[in-house]
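S.K.:
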Amino acid sequence: MGHVAFSGNLVANPELKKVNGTLLAEFRVASTPRIQVDGKWTNGETMYIDVTAWRGLGEHVGNSLVKGQRVVVTGEATTKTFTKKDGTEGSATQVQAEDVGMSLLFHDVQKVDSQQIERGMSTLKESMGATPLLETSPF
């Protein structure tokens, strides 16, 4: 398919794991196009896109995003075909993310400074009883 850019909502919280020592975030995005039928706007068919984000991007995705958030993703897409249990053909779109960001289409994102991030990370560490993936502030 090639390079794509799309927006949609996270279906579930991103899942973080390590593959051969490299951090990976996997998540699914539901994207529903708006289409015009007989002069009226309506929802088109929802497409579910599986996304992978590696290394630092995966870490940031895992530390920043939660189910339901609207995101914008750019990356390289591939489509795989498979046979369903009922014998019919199906297809799945997968994207290896190059960049992921929160969408500002429907709401603002609160600005924070580096001190707020440090306080938040300390609180998160205490509440989890463990060290999150991001040890220190990137600022």
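In numbering that gives the first Met the number 0, the protein residues as written are 0 to 138.
Heads up, the beta-carbon is just placed ideally off N, CA and C, and yes, glycines get one too.
Computed from a prediction, not measured in an experiment: that's the story for all the values here.
Only counting the same chain, and skipping five residues up and downstream in sequence, which positions put a Cβ closer than 8 Å to that of residue 104?
M.R.: The answer, listed in chain order, is 6 and 69.
S.K.: What's the call for residue 74, buried or exposed, on a 16-neighbour Cβ count within 10 Å?
M.R.: Flag for residue 74 reads buried.
S.K.: The alpha helix (DSSP H) spanning residue 59 covers which residue range?
M.R.: Looking at the DSSP string, the run of the alpha helix (DSSP H) that includes residue 59 is 54 to 63.
S.K.: To which residues does DSSP link residue 42 through a beta bridge?
M.R.: Residue 42 pairs with 33.
S.K.: Mind checking whether residue 57 and residue 29 have CB atoms under 8 Å apart?
M.R.: Going by C-beta atoms, residue 57 is not nearer than 8 Å to residue 29.
S.K.: Going by beta-carbon coordinates alone, are residue 64 and residue 9 separated by less than 8 Å?
M.R.: Going by C-beta atoms, residue 64 is nearer than 8 Å to residue 9.
S.K.: Measure the Cβ-Cβ separation of residue 60 and residue 26 and say whether it is below 8 Å.
M.R.: Yes.
S.K.: Could you tell me which of 79, 96 and 94 sits nearest to residue 88, measuring between CA atoms?
M.R.: Of 79, 96 and 94, the residue nearest in Cα terms is 79.
S.K.: Would you identify the three-state DSSP class for residue 109, choosing helix, strand or coil?
M.R.: Correct three-state label for residue 109: coil.
S.K.: Would you please state the rounded distance, in angstroms, between the beta carbons of residue 94 and residue 3? I believe it to be under 8 Å.
M.R.: Going by Cβ atoms, the distance from residue 94 to residue 3 rounds to 6 Å, so yes, they are a contact pair.
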